[in-house]
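J.: Following this note's numbering, the residues of the sequence shown are numbered contiguously, the last one being 747.
Shown below is the structure under consideration.
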Amino acid sequence: MTQMLAGRTALVTGSTSGIGLAMATALAAQGANIIINGFGDAAAIEAERAKLETNHGITAFYSPTDMTDGQAIAAMFADAATRFGGVDILINNAGMQHVAPIDAFPIDKWDQIIALNMSAAFHAMRAAIPQMKAKKWGRIISTASAHSKAASPFKSAYVTAKHGLVGLTKTAALEVATHGITVNAISPGYVWTPLVEKQIPDTMAARGLTREQVINDVLLEAQPTKEFVTSDQVAALAVFLCSDAAAQITGANLSIDGGWTAA
Ligand code: NAD
């Protein structure tokens, strides 16, 4: 069976864990070569990289690029051009969270979240778009969040960055619309990943709640289905956006949030 993305190369930022790893796996299953990126234990990352190759018969390469470093991002795309002849699919997914009230929000955390959750996508698009224009085809997908549409207290940097990421998505979509390139955002509600697990202690402190209260009364309270979204569900939407059926979806911010932002 011909795989939908055979011969394509996908770069997924923040794909050593969580949603990004699920996206990299789903794209590999469609035949795309994969550049994974992110931090973590070297042996665990190598095991994931090798698994992508063994399970899907594609080439997988690991780039340790720090996505808060614009120059390093440009160098990663130059390397991708040499290795793979350029990137066809860019998934801007690397992200982090910090939970604190604005008047106690650490300035270095603000700068880091704006750099990683928003500016990294600008640097990556800036480098990827010429490669995609040369191929007359491209897919750019950014993992935004329900927090690109609605705010929650104590997440000022995250909410600001995700709103900005959607503004960038719309602008890029307009700029490349006649080049066979689509640019979209996916906005999940709560997905059970290390990013969510790590913010539970801070949310407990900020709101004076127990762990169970944070899960049920803060996280799942926002989601009418009362269920977490899964990484595989988010990955399946990204694969659909890479299909020919999605060629006219561009500049969109697609919710996958159990009804959170309908309320
Ligand atoms: P995660 O913590 O499991 O994964 C984050 C990834 O980003 C990891 O691979 C990590 O190594 C990488 N990363 C962190 N700092 C980096 C840096 N400076 N340079 C390169 N890579 C870096 O989190 P996740 O939940 O899978 O989040 C992925 C994306 O999904 C984020 O953009 C997040 O905001 C978004 N999101 C998550 C949820 C959720 O509920 N989990 C909901 C909506 C949106």
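Using N, Cα and C, we set each Cβ at its ideal position, and we do this for glycine too.
Under a three-way DSSP split, which group does L489 fall into?
T.: coil
J.: Suppose you measure from the CA of D686 to the CA of T662; what does that come to, to the nearest Å?
T.: 45 Å
J.: Taking 7 Å as the line, does the beta carbon of Y546 fall inside it for any heavy atom of the ligand MG?
T.: As far as ligands go, the structure on display features the ligand NAD and does not contain the ligand MG.
J.: Kindly indicate which three-state DSSP category L574 falls into: helix, strand or coil?
T.: strand
J.: Does DSSP classify F568 as helix, strand or coil?
T.: helix
J.: If you run the structure through DSSP and keep just helix, strand and coil, what is Q500?
T.: The sequence shown places Thr at residue 500, not Gln. T500 falls in the coil class under three-state DSSP.
J.: Just to confirm, are F712 and V660 a CB contact at a threshold of 8 Å?
T.: no
J.: What does a CB cutoff of less than 6 Å around K620 pick up in its chain, not counting 5 residues either side in sequence?
T.: G664
J.: Could you give the DSSP three-state label for T745: helix, strand or coil?
T.: helix
J.: Nearest to G651 by CA position, among S603, M688, T694 and A512, is which residue?
T.: Residue S603 is the option with its Cα nearest to G651.
J.: For A578, verify whether its CB is less than 7 Å away from any heavy atom of the ligand NAD.
T.: yes
J.: If we ignore side chains and look at the alpha-carbon of each, how far apart do I591 and H582 end up?
T.: 11 Å
J.: Can you check whether the CB of A736 is closer than 8 Å to the CB of N668?
T.: yes
J.: Tell me, please, which residues DSSP counts as bridged to S547.
T.: N521
J.: Between E530 and G498, what straight-line distance do the alpha-carbon atoms span, to the nearest angstrom?
T.: 15 Å
J.: Got a sec? Which residues, its chain only, sit under 7 Å from I625 by beta carbon, not counting five neighbours each side?
T.: I575, N668, I670, A722 and L725
J.: Are F719 and A510 close, meaning C-beta to C-beta below 8 Å?
T.: The sequence given here places Ala at residue 719; Phe does not occur at that position. Yes, they are a contact pair.
J.: Just checking my contact of F568 with N517 at CB under 8 Å: how many whole Å lie between their CB atoms?
T.: 6 Å
J.: Which class does T552 belong to by DSSP, given the choice of helix, strand or coil?
T.: coil
J.: To the nearest angstrom, how far is it from the Cα of D701 to the Cα of T543?
T.: D701 and T543 have their C-alpha atoms spaced approximately 43 Å apart.
J.: R695: buried (16+ other C-beta within 10 angstroms of its C-beta) or exposed?
T.: exposed
J.: Going by C-alpha to C-alpha distance, which of K682, I613, S727 and P708 sits closest to A746?
T.: Selection K682, I613, S727 and P708 evaluated against A746 yields P708 as nearest (Cα-Cα).
J.: May I ask you to report which of helix, strand or coil DSSP gives P672?
T.: In the structure shown, P672 sits in a strand (DSSP, three-state: E or B).
J.: Please identify the residue among F545, D550, G579 and A584 whose C-alpha is closest to the C-alpha of T566.
T.: F545
J.: Quick one: give me the first and last residue of the alpha helix (DSSP H) that G651 is part of.
T.: Its alpha helix (DSSP H) spans residues S640 to E659.
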